[in-house]
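Below: the structure, in structure tokens.
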Amino acid sequence: MNMERAWIPAGVSPAERRRLFSIWIRTGRIPTRRDDGVELKFNPWHDPRDGRFTSGPGGEATPRDEPPERGGEGGGVGEGGGVVRSNGVYRPGEPGPKLIPIGAPEPPETRGGNIRAFEDPMTLDEWKVNENSALGPPLRLADEIFDITGPGAEVRTALMRAQAEKILSDIHKLDPTYVFQSFQFPYSEDGQRRLIDGLRFDRAVLTMRVKGDLEPLQLETYRFAQGATNDAYQEGLRRIKLTMLPIRLSEREALGNFVDQRVREQLRQRFFLAGVDCSGAGPVRLNRNEAVGENGRFRRPDIRVGDVAFDVSLSAKTRGQAQIRGFFNANFKPSMVVIIRPSELGRSTSYILRR
Amino acid sequence: MSDYVFRSPLASGAPFIPNNLGELDDQLASMMLEAPTFVDRLGFLPDQTIDSRFHQLDTALSRVKPKLGAESYAKAVDLSVRAKALFLSDPDMTNGKTKEGIWLLDEISKLITDARRRRVKAKLRDDEGEVTGD
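Protein sequences appear in the order of chains A and B.
Its first residue numbered 41, the first sequence is counted upward by one per residue in this note's numbering.
Its first residue numbered 2, the second sequence is counted upward by one per residue in this note's numbering.
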């Protein structure tokens, strides 16, 4: 991909830097912000005076107190460069020739376009969905980062390659000695997911080691645990139906225990692979006692990464429940408790409870 | 499944071995969801096989032998050998041996639970100095 070189302004926050990067890789331009706060992006349908949309390239926005006019067949709106509907034929001699959509059907509804293919979220806050929920801000599904719709294998591969190169570049900034296997870039979607997931996890671990910043690892922990939870739930349910698993009290209790234990075990192996000790000495702790007060009481979250506790559960939990209150009262003072539930149970099943 | 394998340069190459009774019990539950083939469904352990899984189990059993006690340890090793043989004889889950093998893994899990209960009752401390049964 040959793209024009662009510079991200100095002093912007890491989150803003990632946002600007995602826009640059999509449009080839870095948006600029004027002194009055109006952000100017590359878009020929913006009124350059105030950044508002017009109905034609280079046009003027409709005054705010007037209802917008709708262009009918054969006539456009917007002065000075407004669209003149023609028969849609490009004529080189015509002043300001434009390609005009005529009678095209509405595009089918998609899952929101491919913007996520360019995103590089690195914290749980960047991963949450901006909507209200009675329980807490819901989290996106673990693999929504790969939610690319429409393009064929070549385009998907190009997008994934750009992602991989970006992450690898971040890794080399953290650890110039990081030597990555230089085999052929995977062609299959599964292989590409595996590669991006692997690189993201390594970047998160190196960010923790080099900068002491745990936020990327908190996000990757969630993404991995969510995938493991979904897998354990589906397989556990299937095997219980086949009477292939021992049941002590009830099927639900057994399923909950199998999911908990499976997710913990897979996480242990995942952290071990990345050289992260999660037995209690470091900031990553799996199923360890967390002291509450000074009188020997404790709580035991499934996972703790820094000041974030994670609880894998089949049922929804609220901050009013004793277990969750206990987590928040633990001496490590969690800033949030992330409830991870099988995605099969419904939309927005995993969410954040804040202190 | 893709044939692409991501190998992190951060990985040591050595297999993970559970360190205490609780971690071992988690591994047994996990194995019950993988039997009889023990293929890694999440795609991050491409080299996992029935042999590697039972190597982890047997090594972990020997690691926790002092906590388990000699008698329970001997029983657990025997159950492990029998379970592996059953899984190998039912690779397609068609003859009921997989279920028998899973029940044997559950027997090992019960031995571990008993050992943890004994340790809590005796107020024995784990590696972090706490009474957790580990």
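Here a beta-carbon is modelled for each residue, glycine too, at the ideal position from N, C-alpha and C.
Being a predicted model, the structure only gives us computed values, none of them experimental.
From the DSSP output, in three-state form, read off residue i for me.
i         : result
Val138(B) : The question about residue 138(B) has no answer here: the residues shown for chain B are numbered 2 through 135.
Ile343(A) : strand
Gly136(A) : For Gly136(A), the pLDDT reaches just 48, beneath the cut-off of 50, and the residue's location in the model is therefore unreliable, leaving the point undetermined.
Ser319(A) : strand
Tyr391(A) : strand
Val245(A) : helix
Ile379(A) : strand
Glu109(A) : Here Glu109(A) scores only 41 on pLDDT, less than 50, and its place in the model should not be relied on; the value that follows carries that caveat. Coil at Glu109(A), not helix or strand.
Phe45(B)  : coil
Ala55(A)  : helix
Glu330(A) : strand
Pro226(A) : coil
Val352(A) : strand
Pro67(B)  : helix
Leu179(A) : strand
Thr133(B) : coil
Phe338(A) : strand
Val324(A) : strand
Lys168(A) : strand
Glu149(A) : Residue placement at Glu149(A) cannot be trusted, given a pLDDT of 43 that sits under 50; what the coordinates show is reported in the next sentence. Coil, per DSSP.
Ile51(B)  : helix
Leu29(B)  : helix
Leu7(B)   : Going by the sequence as given, residue 7(B) is Phe instead of Leu. The answer is coil: DSSP assigns Phe7(B) none of H, G, I, E or B.
Gln221(A) : coil
Glu35(B)  : coil
Asp237(A) : helix
Gly276(A) : helix
Arg126(B) : coil
Leu105(B) : helix
Gln258(A) : helix
Arg201(A) : helix
Gln361(A) : coil
Asp79(B)  : helix
Gly128(A) : Annotation note: pLDDT 44 at Gly128(A) (below 50); position unreliable, coordinate value reported separately. Coil.
Asp160(A) : coil
Ala15(B)  : coil
Gly267(A) : helix
Gly252(A) : coil
Give a yes or no on whether the C-beta atoms belonging to residue i and residue j are separated by under 7 Å.
i         : j         : result
Leu34(B)  : Ile113(B) : no
Ile280(A) : Glu291(A) : yes
Met162(A) : Pro256(A) : yes
Lys115(B) : Asp127(B) : Looking at the sequence provided, one finds Asp at residue 115(B) rather than Lys. Not closer than 7 Å, so no.
Leu29(B)  : Leu106(B) : yes
Arg8(B)   : Gln221(A) : yes
Pro374(A) : Asp347(A) : yes
Phe367(A) : Arg310(A) : no
Leu1(B)   : Gly315(A) : Residue numbering for chain B in the displayed model covers 2 to 135; residue 1(B) lies beyond these limits and cannot be assessed.
So residue i and residue j are supposed to be a Cβ contact under 8 Å. How far apart are they, rounded?
i         : j         : result
Pro37(B)  : Phe88(B)  : 4 Å
Leu259(A) : Leu326(A) : Between Leu326(A) and Leu259(A) the Cβ distance is about 17 Å, and since that is not below 8 Å, they are no contact.
Val332(A) : Arg339(A) : 6 Å
Asp27(B)  : Gln301(A) : 4 Å
Leu354(A) : Leu285(A) : The Cβ separation is near 15 Å, so there is no contact.
Val299(A) : Gly276(A) : 6 Å
Pro92(B)  : His56(B)  : Not confirmed; about 19 Å, so no contact.
Gln232(A) : Met200(A) : 4 Å
Leu313(A) : Phe45(B)  : 7 Å
Whose C-alpha, out of the options, is nearest the C-alpha of residue i?
i         : options                                    : result
Ala84(B)  : Pro19(B), Asp135(B), Asp59(B)              : Asp59(B)
Tyr273(A) : Arg42(B), Arg8(B), Lys66(B)                : Arg42(B)
Arg394(A) : Pro177(A), Lys206(A), Pro341(A)            : Pro177(A)
Gln53(B)  : Ser9(B), Gly14(B), Arg118(B), Val6(B)      : The sequence shown places Ser at residue 53(B), not Gln. When each option's Cα is compared against that of Ser53(B), the closest is Gly14(B).
Ile380(A) : Thr197(A), Val245(A), Asp271(A), Leu60(A)  : Asp271(A)
Ala349(A) : Val299(A), Gly333(A), Asn369(A)            : Asn369(A)
Gly102(B) : Val121(B), Asp79(B), Arg117(B), Arg119(B)  : Asp79(B)
His212(A) : Leu175(A), Asp242(A), Arg196(A), Gly252(A) : Asp242(A)
Glu229(A) : Asp215(A), Ala244(A), Ala193(A), Val250(A) : Ala193(A)
Asn108(B) : Val132(B), Val40(B), Tyr74(B)              : Rather than Asn, the amino acid found at residue 108(B) in this sequence is Glu. Taking only the C-alpha atoms, the option nearest Glu108(B) is Tyr74(B).
Val378(A) : Ile70(A), Ala356(A), Pro216(A)             : Ala356(A)
Asn371(A) : Glu330(A), Asp342(A), Arg365(A), Gln361(A) : Glu330(A)
Gly320(A) : Leu313(A), Glu334(A), Gly336(A), Asp342(A) : Asp342(A)
Pro67(B)  : Arg117(B), Thr50(B), Thr99(B), Glu129(B)   : Arg117(B)
Could you tell me if the beta carbon of residue i falls within a distance shorter than 6 Å of some heavy atom in the ligand MG?
i         : result
Arg263(A) : With respect to the ligand MG, the structure offers nothing, as it holds no ligand at all.
What are the residues of the region 256–284 of chain A that lie near chain B, defined by any Cβ-Cβ distance shorter than 9 Å?
Here the close residues are Phe264, Gly267, Ala268, Asp271, Ala272, Glu275, Gly276, Arg279, Leu282, Thr283, Met284.
Determine which residues of the region 102–120 of chain B have a Cβ less than 7 Å from any Cβ of chain A, and write them out in chain order.
Sequence-ordered contacts of the region 102–120 of chain B with chain A read Ile103, Trp104, Asp107 [C-beta pairs closer than 7 Å].
The region 237–254 of chain A: positions lying closer than 9 Å to chain B by Cβ
The region 237–254 of chain A vs chain B, Cβ under 9 Å: Asp237, Gly238, Leu239, Phe241, Asp242, Val245, Leu246.
Which residues of the region 197–220 of chain A have a Cβ closer than 8 Å to any Cβ of chain B? Give them in chain order.
Of all residues in the region 197–220 of chain A, Tyr218, Val219, Phe220 have a Cβ within less than 8 Å of some Cβ in chain B.
Scan the region 313–346 of chain A for residues whose Cβ lies nearer than 8 Å to a Cβ of chain B and list them as they occur along the chain.
Along the region 313–346 of chain A, the positions whose C-beta sits under 8 Å from a C-beta of chain B are Leu313, Ala314, Gly315, Ser319, Gly320, Asn327, Arg328, Asn329, Phe338, read in chain order.
Closer than 9 Å, Cβ to Cβ, to anything on chain A: give me those residues from the region 67–90 of chain B, in chain order.
Sequence-ordered contacts of the region 67–90 of chain B with chain A are nonexistent [C-beta pairs closer than 9 Å].
Contacting positions in the region 33–53 of chain B - beta carbon closer than 7 Å to chain A:
Result list: Met33, Leu34, Arg42, Leu43, Gly44, Phe45, Leu46.
Residues within the region 3–22 of chain B neighbouring chain A, beta-carbon criterion of under 7 Å
Near chain A, meaning a CB-to-CB distance below 7 Å, the residues of the region 3–22 of chain B are Ser3, Tyr5, Phe7, Arg8, Ser9, Pro10, Leu11, Ala12, Ser13, Phe17, Asn20.
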